[in-house]
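Here the structure is laid out as structure tokens; the discussion comes afterwards.
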Amino acid sequence: MTSFSVAGSHVVVVGAARSGLAAAALAARRGARVTVSEVRPAAADAAGAASLRRLGVALELGGHRPGTFDAADLIVLSPGVSPRIPPVARARAAGVPVISEIELAARWLRGRLVAVTGTKGKSTTTALSGRMLDTGGHRTVVGGNIGQALSSQVDASTPDAIHVVEVSSFQLELTATFRPWIAVCLNLSPDHLDRHGTLEEYARAKARIFANQTGDDAMVINADDPRVLEMARGGRARSLRFAVSRTLSEGVHVNGDAIAHRSGGVDRRLVPLSAVRLPGRHLLSDVAAAAAVGTLAGVDPDAMTRAVQSFAGLEHALEFVAEHRGVRYVNDSKATNLAAARAAIECFDRDLVVILGGRFKGGRLADLGAPLAAREAAVVAIGEARPRIREALGDIVTVVDADSMTVAVAAARRLARAGGTVLLAPACASLDMFSDYSARGRAFKEAVGRLSGADEP
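Below is the structure:
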């Protein structure tokens, strides 16, 4: 916690979704004169907007007013808002400080902070780390990019609390003092290139998670990922590596039938593999990362194991939905980039139909061709990315188009073989058709649910 104050200042919060509304409320409670600027004609949460008005917050909806930004003492961006939009860029060039919502919140937190980033696996690792710490007896609060915004946690923060937060590149790129006690980096592969432009810029944003750490802090880094090792090279915190694809001389790895911590040449068993209920090798890596966090926090192996045994995964992350006429339906709507979609595809052996598409974020769709062909897969393409998907994959596997989730599930059902799987793993953002990935996942589950009631949806 710092002496940072916004009392009497004009704070402009850009974006009226969950994080923006939480940041606005926090700044208002701390004495700021707050304006929320939103390009859409309404806030995402009408009740939240009404609560802000009662706090005296001004809501400017339906477009950004340049004068509002120019008169700001501080600008706080929601994660979905680019710092490159003209009114923000102009104010920044004029010397107005621009920070992210997590930067604002972290300046007032009184407890310790565990921050988790990576291209895929952030939500699973965050949730499981929180469960391990809670099971181990720590007062734990989970949120950030999942669940409760960090700004919503500040007023209830206590010195003994551990805040476990998922943080994205969008949130990290505008941090200045953000300093996790434990910073976790799971992996790095091309994502959000529509915003960051290059993989190098994306990596620089992610690496901000280590920037303010000292020797009193810790880094949990994936030794299976050379890009992560490179990102962490300049970090000053002590390092604890984890891996599931190789044995480590020091760190958390898989040894026989258990995840273990090797230190001084001796392995200490942490979690038996039999306790892990999550499918896929990439999710085992998330368990190992969470076990590394638990090790640093002093959680005993029995508590770690109980936490893992009780954790069946998150909604929209390789979530089994139903089996209909011998075909399984699996919802991985959280697979919003190519690396996550590929990892999901590789969880299945053959006879796979994959629903792909949405708003493309960059990368090579053709990289999905080999794993799809190896599984005798077919693809149903949805959203803005349909032409890209046909061009990249149409000569490798069968690709059919669908203009809604209901039509996509019906098409997948016709392509599926008994004993096979229909997998929603979009490899794209959802915002062309849905409000977010969870709305997309719910639409998939609802369409699957209708299959049992009729021969065709």
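Oh and the sequence shown: position 28 is 21 in this note's numbering, straight run, nothing missing.
Don't be surprised by glycine CBs; every beta carbon is placed ideally from N, CA and C.
Note that the C-beta distance between residue 109 and residue 157 is below 9 Å. The alpha-carbon separation between residue 206 and residue 140 amounts to approximately 25 Å. Residues 181 of the same chain have their beta carbon placed closer than 6 Å to that of residue 220, with the five preceding and five following residues left out of the count. In the DSSP assignment, the residues bridged to residue 254 are 245, 261.
When the beta-carbon positions are compared, residue 262 and residue 268 stay at least 9 Å from each other.
Taken through DSSP and simplified to helix, strand or coil, residue 75 comes out as coil.
Under DSSP, residue 212 forms a beta bridge with 176, 232. DSSP places residue 393 in no alpha helix (DSSP H) but in the uninterrupted beta strand (DSSP E) bounded by 391 to 394. Contact check for residue 398 and residue 440: beta-carbon distance about 5 Å, within the 8 Å limit, so the pair qualifies. Secondary structure of residue 2 (DSSP, three-state): coil.
In the DSSP annotation of this structure, the continuous segment of the beta strand (DSSP E) that includes residue 137 starts and ends at 132 to 137.
DSSP places residue 122 in the uninterrupted alpha helix (DSSP H) bounded by 115 to 128. Counting along the chain, no beta strand (DSSP E) covers residue 443; the unbroken alpha helix (DSSP H) around it starts and ends at 430 to 444. For the 9 Å CB-CB criterion, residue 422 and residue 352 form a contact. Taking residue 230 as the centre and dropping the five residues before and after it, the same chain places the C-beta of 206, 210, 211, 212 closer than 6 Å to its C-beta, in chain order. By the criterion of a C-beta distance shorter than 8 Å, residue 73 is surrounded in its chain by 8, 10, 163, once the five residues flanking it on both sides are discounted.
The bridge partners DSSP lists for residue 350 are 375. Within 10 angstroms of the beta-carbon of residue 368 lie 16 or more other beta-carbons, which makes it buried.
The region 299 to 315 and the region 393 to 411 do not touch, with fewer than 3 CB-CB distances between them shorter than 8 Å. Taking one beta carbon from each stretch, the region 142 to 157 and the region 198 to 205 have fewer than 3 pairs nearer than 8 Å; the two do not touch.
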